[in-house]
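Peer 1: Counting along the sequence shown from 1, when you hit position 49 you're at 49 in UniProt numbering, and nothing is skipped either side.
All residues carry an ideal CB built from backbone N, CA and C; glycine is no exception.
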Amino acid sequence: MTKRALITGITGQDGSYLAELLLEKGYEVHGIKRRASSFNTERVDHLYQDPHEQERKFHLHYGDLTDTSNLTRIVAEVQPDEIYNLGAQSHVAVSFEMPEYTADVDGLGALRLLEAMRFLKLGDKCRYYQASTSELYGLVQEVPQTEKTPFYPRSPYGVAKLYAYWITVNYREAYGMYACNGILFNHESPRRGETFVTRKITRGLANIAVGLEDCLYMGNLDALRDWGHAKDYVRMQWMMLQQEQAKDYVIATGVQYSVRQFVDMAAKELGITLAFEGDGVEERAVVLKVDGDKAPAVKRGDVVLRVDPKYFRPAEVETLLGDPTLAGVDMGWVPQVTLREMVGEMMASDLAHARKHALLTSHGYESPVTNRR
Ligand code: NDP
Ligand code: GDR
């Protein structure tokens, strides 16, 4: 029997990789996309199948995590074997600007799906995955963080996700549902949203390399993160729903780097050696030397990065480092892509975009880009 999966957030980074994985495994994949005034399905366009095609395996439904009746109807129509709740207002800094909306989507959104499963009596048939996060640890109480480390969220996003975490545990315990949390640490890819720090860096440096921009403006360079590759992490999301019993797992690499080190690594991919000068608010990165031909617009002495306090957060999560031992023991999961490989992949992809953009701009077909978001 073909398994049927429902993915919220299918148009996002993880949703698109998970949809690919499940289609490869023979699933019928249903995704919820939001109505927008312009196209927002770029990450899954390659999976699109014409609605007139017979035997279609990929279906998109209009929906929103704030809309209970819409979610309940979609769950009733699709009758999924597995629900992956990946949809969220997922930007931590933005959650300080939109705390109520973030609570509604990221917190109550999970409740709405779990209630739909309960109301429709799908508890025995359907398994539920909740996209939980290392942001739950916030002000960390223990290093490294495990499934037992106490939570202390530091943003409206983290607090909303705390509700979603516990309501998932509660429905498992109260109603015997197969519902579990993946506590995922930061994971990235060429499909990462442009305003998250890794993609902001690779995209910004690529634009500087070809002369589309001159300087990247950033926030806290001292923040420490445990970064993995999204492809490795969505494989784990699927594995978590194939266990005998529902359980919560930390998914991480167990290795930590600073934002500054990430900048340095990304610059090296372009042949650029940087020196960081000053500290805190005054910090900047100056080019020491340029090797090779990947960054023709950059020369020794250029200032390619400056700290702008505008990007500091009202409360920061300074350090995160996960311990994925339990996932390894129970499921044999080990991350396959190293940070260096991932930075190389992201840099190559953004450099290709930047070169194309520069060519179109120089011929008057595109306007120059800005990275200042
Ligand atoms: P993205 O921001 O790339 O994708 C978020 C998805 O949620 C998009 O498809 C977005 O739609 C959708 N969405 C946003 N608001 C709503 C809404 N109101 N109703 C329905 N859908 C909505 O996130 P990622 O793919 O990186 O992350 C996936 C999940 O995992 C998120 O829940 C995130 O919080 C969580 N997470 C992510 C980590 C990471 O490092 N990437 C780590 C730990 C947890 P649209 O395309 O229209 O904006
Ligand atoms: P994070 O990711 O907040 O960890 O949440 P993000 O990439 O936004 O920030 C990581 C760290 O980098 C610092 N930083 C900057 N961040 C951004 N976005 N822009 C900057 O210019 C900048 N300069 C420094 C931040 O302060 C922070 O310390 C991500 C999201 O995917 C969440 O949805 C997910 O739950 C967590 O990862 C795990």
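1. Can you tell me which of the three DSSP states His363 falls into?
2. Please state whether the Cβ-Cβ distance between Tyr178 and Tyr129 is less than 7 Å.
3. In chain order, what residues of the same chain have a beta carbon less than 7 Å from the beta carbon of Lys294, not counting five sequence neighbours either side?
4. Could you name the residues that DSSP lists as bridge partners for Glu277?
5. Whole angstroms is fine: what's the gap from Gly228's alpha carbon to Val169's?
6. Got a list of residues with beta-carbon closer than 5 Å to any non-hydrogen atom of ligand 2, in chain order?
7. Can you list the alpha helix (DSSP H) stretches of 4 or more residues lying completely in the stretch 172-226, in chain order?
8. Quick check: what's the CA-CA separation for Pro150 versus Arg225?
9. Looking only at its own chain, which residues have a Cβ that is under 7 Å from the Cβ of Gly328, when we skip the five neighbours before and after it?
10. Let me make sure I understand the geometry here. Which of Phe39, His59, Glu55 has the alpha-carbon closest to that of Tyr48?
11. Using the three-state DSSP reduction, which class does Phe262 fall into: helix, strand or coil?
12. Taking 6 Å as the cut-off, is the C-beta of Arg34 nearer than that to any heavy atom in ligand 1?
13. Take Arg260 and list the residues in its own chain whose beta-carbon comes closer than 8 Å to its own, dropping the five residues that flank it on each side.
14. Between which two residues does the alpha helix (DSSP H) holding Tyr16 run?
15. Mind checking which residues open and close the beta strand (DSSP E) that includes Tyr129?
16. For Tyr17, I'd like the list of residues in its chain whose CB is within less than 8 Å of its CB, leaving aside the five on either flank, ordered along the chain.
17. Short check: CB of His30 to CB of Leu65, under 7 Å?
18. Pick out whichever of Thr11, Glu24, His52, Pro51 has its Cα sitting closest to the Cα of Phe39.
19. What residue from Pro80, Leu212, Ile201, Ala76 has the CA that sits closest to residue 383's CA?
20. Quick one: what does DSSP say Gln145 is sitting in, helix, strand or coil?
21. By the three-class DSSP mapping on this structure, what secondary structure does Gly228 have?
22. Could you pull the DSSP bridge partners for Arg4 from this structure?
23. Using DSSP bridges, identify the partner residues of Leu322.
24. With a threshold of 6 Å (Cβ to nearest heavy atom), would Val159 be considered close to ligand 1?
25. Could you give the residue range of the beta strand (DSSP E) that holds Asn85?
26. Output yes or no for whether 7 Å exceeds the beta carbon distance between Arg306 and Arg284.
27. How would you call Tyr165, buried or exposed, if buried means at least 16 neighbouring beta carbons within 10 angstroms?
28. Nearest by alpha-carbon distance to residue 380: which of Tyr62, Leu71, Leu326, Val263 is it?
29. Bridge partners for Leu60 per DSSP, in chain order?
30. What do you reckon, is the C-beta of Asn40 under 6 Å from a heavy atom of ligand 1?
31. Check whether the Cβ atoms of Ala116 and Leu86 sit closer than 7 Å, and answer yes or no.
32. Considering only C-alpha positions, which residue in the set Ser134, Val303, Gly278, Ala88 is nearest to Leu113?
33. Count the other CB atoms within 10 Å of the CB of Arg340; is the residue buried (16 or more) or exposed (fewer)?
34. State the Cα-Cα distance for the pair Met347 and His187, rounded to the nearest angstrom.
35. To which residues of the same chain is Gln145 closer than 6 Å at the C-beta, ignoring the five residues directly before and after it?
36. Tell me which same chain residues have a C-beta within less than 6 Å of the C-beta of Lys200, skipping the five on either side of it?
Peer 2: According to the structure data:
1. coil
2. no
3. Ala209, Leu270, Gly271, Leu351
4. Arg284
5. 25 Å
6. Ser90, Val92, Thr133, Ser134, Glu135, Asn186, Phe196, Val197, Met218, Gly219, Asn220, Ala223, Val259, Tyr311
7. 197-209
8. 18 Å
9. Val334
10. His59
11. helix
12. yes
13. Leu221, Asp222, Phe276
14. Checking the sequence shown, residue 16 turns out to be Ser, not Tyr. Start and end: 13-24.
15. 127-133
16. Ser189, Arg191, Ala230, Lys231, Val234
17. no
18. Thr11
19. In the structure as shown, the chain begins at 1 and stops at 373. Residue 383 is therefore absent and cannot be evaluated.
20. strand
21. strand
22. Glu28
23. Note on residue identity: the sequence assigns Gly, not Leu, to residue 322. DSSP lists Gln145 as partners of Gly322.
24. no
25. 82-85
26. yes
27. buried
28. With the chain running from 1 to 373 in the structure shown, residue 380 is simply not present.
29. Gly31
30. yes
31. no
32. Ala88
33. exposed
34. 15 Å
35. Tyr137, Gly322
36. none
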